[in-house]
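Protein chains in written order, with my numbering: chain A, 2 to 106; chain B, 2 to 106.
Ideal Cβ positions, reconstructed from N, Cα and C, are used throughout, including at glycine.
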DNA sequence: CATACATATTGACAGTTATCTATGTGTATA
DNA sequence: TATACACATAGATAACTGTCAATATGTATG
């Protein structure tokens, strides 16, 4: 679950969502992303680190440049997780909860 | 997009993910959730507020109790959004970006 | 090797967040 | 109506986060 929390935190920022949107059509280097957003280079670097640590984005060094792309497998894993958590399932915490207030009328 | 950020922030906490898991099988009141987690009542109240403000959870007052349930429409909306942001689409920021470093070898 | 360029790291600062204790509000019941 | 109970709000505090300026690291090229 720590893994998912890291992902949700990575997605909890406007600029990082914009970065993902930018990467949705293909690879970009950090300087491209910097041109698109109105942020300084260290700030971009910081956001890319968070996206990479969440495994949502993969960065590969190509000469002077870092080339970033979306990790679509991780995105799929995330949507699956969201569905799983919110849907009724056999193995679930709630099975062990007996309602102390009888809300079922 | 502010709406989505609010949702991702709501999901960026271990206890709130546990609360959603608890609610996945049906309605629960705040006291049930409090019994399940090891947190004080005001902290539970705080988390429920955040989940409600994100519209992930719906709370209804029934007598003394607040009865909470998952808003599955909002969950669906979220997974759709994640897919949309990360997938190649016609209308996209990245279309207006011309790579300054020629990364396409 | 020296210089220029792309990115990373450090350190600082303001704003936000999770948690608690203390207290307030509203509702059922004796 | 008084009391007990379920939940909300206020205020405090420690920890975390987004941003920047300054600086370091690594790579290509003259």
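>> I'd like to know if residue 39 of chain A contacts chain B, where contact means its C-beta is closer than 9 Å to some C-beta of that chain.
In response: As a first step, residue 39 of chain A must be located in the first chain, where it is residue number 38. No, because no Cβ of chain B sits closer than 9 Å to the Cβ of residue 39 of chain A.
> Taking Cβ positions, are residue 69 of chain B and residue 19 of chain B nearer each other than 9 Å?
Replying inline: As a position in the second chain, residue 69 of chain B is number 68, starting the count at 1. As a position in the second chain, residue 19 of chain B is number 18, starting the count at 1. Contact check for residue 69 of chain B against residue 19 of chain B fails: the beta carbons are separated by 9 Å or more.
> Is residue 89 of chain B close to chain A, meaning its C-beta is less than 9 Å from at least one C-beta of that chain?
Replying inline: Residue 89 of chain B sits at position 88 when you count from the first residue of the second chain. Yes, its Cβ sits closer than 9 Å to a Cβ of chain A.
> Roughly how many whole angstroms lie between the Cα atoms of residue 106 of chain A and residue 59 of chain A?
Replying inline: Start at 1 with the first residue of the first chain, and residue 106 of chain A comes out as number 105. Start at 1 with the first residue of the first chain, and residue 59 of chain A comes out as number 58. Confidence in residue 106 of chain A is poor, its pLDDT being 44 and thus under 50, which makes the residue's placement too unreliable to answer from.
>> I need the DSSP call for residue 97 of chain B, collapsed to helix, strand or coil.
In response: The residue you call residue 97 of chain B lines up with position 96 of the second chain. DSSP places residue 97 of chain B in helix when its eight states are reduced to three.
> Hey, is residue 49 of chain A's beta-carbon within less than 9 Å of any beta-carbon in chain B?
Replying inline: What you label residue 49 of chain A is simply residue 48 of the first chain in a count that begins at 1. Chain B contact via Cβ: absent.
> Run through DSSP, which three-state label would residue 49 of chain A get?
Replying inline: Here the question's residue 49 of chain A lines up with position 48 in the first chain. If DSSP states are grouped into helix, strand and coil, residue 49 of chain A belongs with the helices.
> Which first and last residues belong to the alpha helix (DSSP H) in which residue 60 of chain B is found?
Replying inline: Along the second chain, read from residue 1 onward, the residue named residue 60 of chain B stands at position 59. Note, residue 60 of chain B: premise wrong, no alpha helix (DSSP H); beta strand (DSSP E) at 58–63.
>> Pop quiz: residue 9 of chain B and residue 52 of chain A are said to be a contact at Cβ under 8 Å. What is the actual Cβ separation, rounded to whole angstroms?
In response: For the purposes of this step, residue 9 of chain B is taken as residue 8 along the second chain, with counting starting at 1. For the purposes of this step, residue 52 of chain A is taken as residue 51 along the first chain, with counting starting at 1. Cβ atoms of residue 9 of chain B and residue 52 of chain A stay farther apart than 8 Å, at about 13 Å.
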